[in-house]
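Residue numbers (my numbering), protein chains in the order written: chain L, 15 to 429; chain R, 317 to 404.
The beta carbon of each residue, even a glycine, is placed where N, CA and C say it ideally should be.
Quick caveat, the model's predicted, so the values are computed rather than measured.
Comments concern the structure below.
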Amino acid sequence: MSRLPELNEHNTERPMIMHIDLNSCFASIEQQSRPMLRGKPVAIVNRRTETTAIVTASYEAKAKGVKVGMKLREAKILCPDIVALETDPPKYRHVYHKLLAIMQDYSAHVSMKSIDEGVIDFNHADEVTKARDLVGIGYEIKQRLKDEVGVWMRCNIGISTNRFLAKTAAGLHKPDGLDVITSHNIREVLGELKLTDLTGIAHRNQARLQSVDIMTPLQFLDASAETLHKIVFKSVVGEWWYKRLRGFEVDDVDTQMRRVGRQYVLERFDLSREEVLQRLHHLAESVGSRMRRYDKSARGVYVYAKPREGKYWHASSLSPLPFFSDATIYAQAEALFERAPSDIKEIGIHCYELCDYSASQLSLFADEIARERQVTGIIDDINRRYGERTIHSADTLGTGEYMRTRIPFGSTRHL
Amino acid sequence: MNDELFLNEQIQVVALFQAGHHPCRPVRFKRANGKEVEVSELGLRHPLPQGSKTIHIFDVTDGGTDYRLEFDSERLTWRLTREADHYE
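Here it is as structure tokens:
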């Protein structure tokens with residue numbers, strides 16, 4: 015809808031958006047694959063150290079107060095018998111693709127929001143599917159997940175007229191819930207939630223809303239578009255919220271890849287400068303290979319370092335011509351990193367200003383670029399055929415043991 | 317807490333190949349020490365690409381211990397790579 019709805023107007027069309035969210039995804043997948051862990055508190059971590067943060071906790075662990083983001087050491091105090099397992103990305107990718115295949119059986123318009131959640135837009139489904147009851151399809155998907163992946167797999171399903179309310183519905187009854195939000199029950203549903211239960215409202219937005227006495231989701235719903243636009247969000251974002259809460263779609267947008275990056279929390283905090291640079295080199299190789307997989311080259315490199323104490327440090331450089339090789343990315347990152355602080359705990363590197371890798375570029379150094387492109391292409395081919403990092407810089411010979419690829423949250427582009 | 321034992325043991329496997337969502341299901345395997353393990357449940361099977369080759373990972377249990385079996389689809393060999401118990 016292009017015009018703004020009236021204050022009491024809600025989207026009364028048939029709910030055709032289904033949000034599917036796997037419950038405690040990684041922990042459930044581990045409990046599925048290792049039956050002896052079922053019913054036991056499980057924490058998934060990126061590295062088995064006491065100071066590592068928990069990526070996912072099973073419902074049994076959550077029931078004992080363990081939360082995502084908590085240090086493993088703290089979790090063990092709350093739950094001494096917790097079993098910590100390292101992430102197993104290929105396993106999670108497999109389940110992701112299984113879930114995606116199930117969802118695509120119902121509509122061609124499926125978008126995955128992250129590795130454990132996705133949306134089916136039934137507006138684009140065939141007529142036979144459209145004619146079916148979506149609640150029935152929801153229960154069918156739950157059963158198919160059990161049949162096709164495993165009996166321990168559960169998911170929350172939410173159905174509504176837009177993506178935001180469908181996601182809200184999926185969060186109402188965890189685990190294994192199925193809820194529908196329509197114009198008839200929207201006030202009842204929002205009446206039971208807090209502002210921060212709404213996706214997109216974290217502490218900063220909550221403070222903005224509370225500054226104009228909007229303390230609950232119902233008051234948020236009853237706020238005028240003008241208040242939200244001019245006073246609360248001071249931008250068109252206010253109007254988006256006004257429409258979103260009324261069930262009108264504003265979030266069906268395709269995102270474009272603007273940058274490719276990777277970060278790494280150092281395995282020890284007493285590494286020498288040279289060892290930190292080796293890890294930066296490893297990240298540069300990883301980013302370069304990922305970028306070329308999407309047939310992209312970049313013009314910019316951005317590096318950052320988080321010291322153990324003190325402020326986040328970052329630096330970037332932009333080149334007139336695009337580049338694509340690991341060596342060039344690292345050369346730029348290394349030069350930038352000369353100004354980085356010491357006593358670092360995390361480093362990261364991003365390539366930005368992406369353009370098509372294959373687009374020809376006139377240059378005085380065309381021969382040199384052609385040769386670099388050939389060598390890079392051959393290395394990529396060998397790595398694709400014989401496995402990642404079959405060929406890499408000698409400088410990063412010892413880093414692979416620590417720097418295995420982890421599961422990316424948010425974007426599903428690299429899955 | 318860290319209960320897994322990492323192994324690289326060649327094993328003999330009896331597996332059932334069938335139609336359906338789980339086309340290959342190990343049902344019994346014999347370890348290097350002669351011990352035979354009856355698989356009571358296949359937890360999950362997932363592929364692990366290694367370049368152009370695929371290893372199939374089977375996480376299974378005998379009801380007391382969880383095992384990870386790896387099937388090399390190129391060499392047609394099975395290995396036991398993980399064993400996990402002691403959850404108490």
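Burial is judged here by how many other beta carbons sit within 10 angstroms of a residue's own beta carbon; asparagine 349(R) has fewer than 16 and is exposed. For leucine 411(L), the closest alpha carbon among the candidates Ser356(L), Ala354(L), Leu294(L), Ala319(L) is that of Leu294(L). Rounded to the nearest whole angstrom, the CA to CA distance from arginine 398(L) to threonine 404(L) is 9 Å. Glutamine 328(R) and lysine 346(R) have their C-alpha atoms some 5 Å from each other.
Taking C-beta separations shorter than 8 Å and ignoring five residues to either side along the sequence, the partners of arginine 177(L) in its chain run Ile31, His33, Val133, Glu263, Asp265, Asp266, following chain order. If only complete runs of 4 or more residues are kept, the stretch 41-94 of chain L shows the alpha helix (DSSP H) at 73-77, 86-92, in order along the chain. Measuring C-alpha to C-alpha distances from threonine 393(R) to each of Pro342(R), Glu354(R), Glu320(R), His338(R) identifies Pro342(R) as the nearest. Rounded to whole angstroms, the separation of the alpha carbons of proline 231(L) and isoleucine 373(R) is 46 Å.
At a cut-off of 8 Å between C-beta atoms, threonine 393(R) does not count as an interface residue with respect to chain L.
Cβ neighbours of glycine 205(L) within its own chain (closer than 6 Å, five residues either side excluded): Leu232. For glutamine 270(L), the three-state secondary structure derived from DSSP is coil.
Around arginine 222(L), the same chain offers Val246 as residues with beta carbons nearer than 6 Å, after the five sequence neighbours per side are excluded. In the three-state reduction of the DSSP assignment, tyrosine 366(L) falls in the strand class. Contact check for cysteine 169(L) against leucine 51(L) fails: the beta carbons are separated by 8 Å or more. Leucine 411(L) sits in coil when the DSSP states are folded into three classes, being neither helix nor strand.
In the DSSP assignment, glutamine 346(L) falls within the alpha helix (DSSP H) that extends over 340-351. Between cysteine 93(L) and valine 80(L), the gap from beta carbon to beta carbon is short of 8 Å. Taken in chain order, the unbroken stretches of alpha helix (DSSP H) that lie wholly in the stretch 152-209 of chain L and span 4 residues or more are 177-184, 200-205. Listed by position along chain R, the residues whose Cβ is nearer than 7 Å to that of serine 47(L) are Gly359, Leu360, Asp375. Residues of chain L whose Cβ lies closer than 8 Å to the Cβ of alanine 400(R) are, in chain order, Arg48, Met50.
Judged by DSSP in its simplified three-state form, proline 104(L) adopts helix. From the listed residues Lys244(L), Asp211(L), Glu240(L), the smallest Cα separation to methionine 229(L) is found for Asp211(L). With a threshold of 8 Å between beta carbons, proline 363(R) makes contact with chain L. Three or more Cβ pairs drawn from the stretch 333-348 of chain L and the stretch 299-319 of chain L lie within less than 8 Å of each other, which places the two stretches in contact. When the five nearest sequence neighbours on each side are left out, the beta carbons in the same chain lying within less than 7 Å of the beta carbon of arginine 62(L) are those of Ala98, Glu100, in order along the chain.
Those residues of the stretch 376-403 of chain L placed with their C-beta closer than 9 Å to a C-beta in chain R are Ile396, Asn397, Arg398, Arg399, Tyr400, Gly401, Glu402, ordered along the chain. Interface criterion not met: the Cβ of glutamine 334(R) is under 8 Å from no Cβ in chain L. Judged by DSSP secondary structure, phenylalanine 234(L) falls within the alpha helix (DSSP H) whose first and last residues are 231-236. If you compare the alpha carbons of Gly53(L), Pro19(L), Arg87(L) with that of valine 59(L), the shortest gap goes to Arg87(L). Going by DSSP, histidine 295(L) is part of the alpha helix (DSSP H) stretching over 287-307.
Linking methionine 117(L) to histidine 111(L) through their CA atoms gives a straight-line distance of about 10 Å. Using a Cβ-Cβ cut-off of 8 Å, aspartate 319(R) counts as an interface residue toward chain L, since at least one Cβ of chain L sits closer than that to its own. Of all alpha-carbon atoms in Met417(L), Arg353(L), Arg28(L), Val274(L), the one lying nearest the alpha-carbon of alanine 145(L) is that of Arg28(L).
If you check the CB distance, isoleucine 343(L) and cysteine 365(L) come in under 8 Å. In this structure, histidine 362(R) sits near lysine 105(L), with a CB-CB distance shorter than 8 Å. Put simply, the CB of proline 104(L) is near chain R, with a gap under 8 Å to one of its CB atoms.
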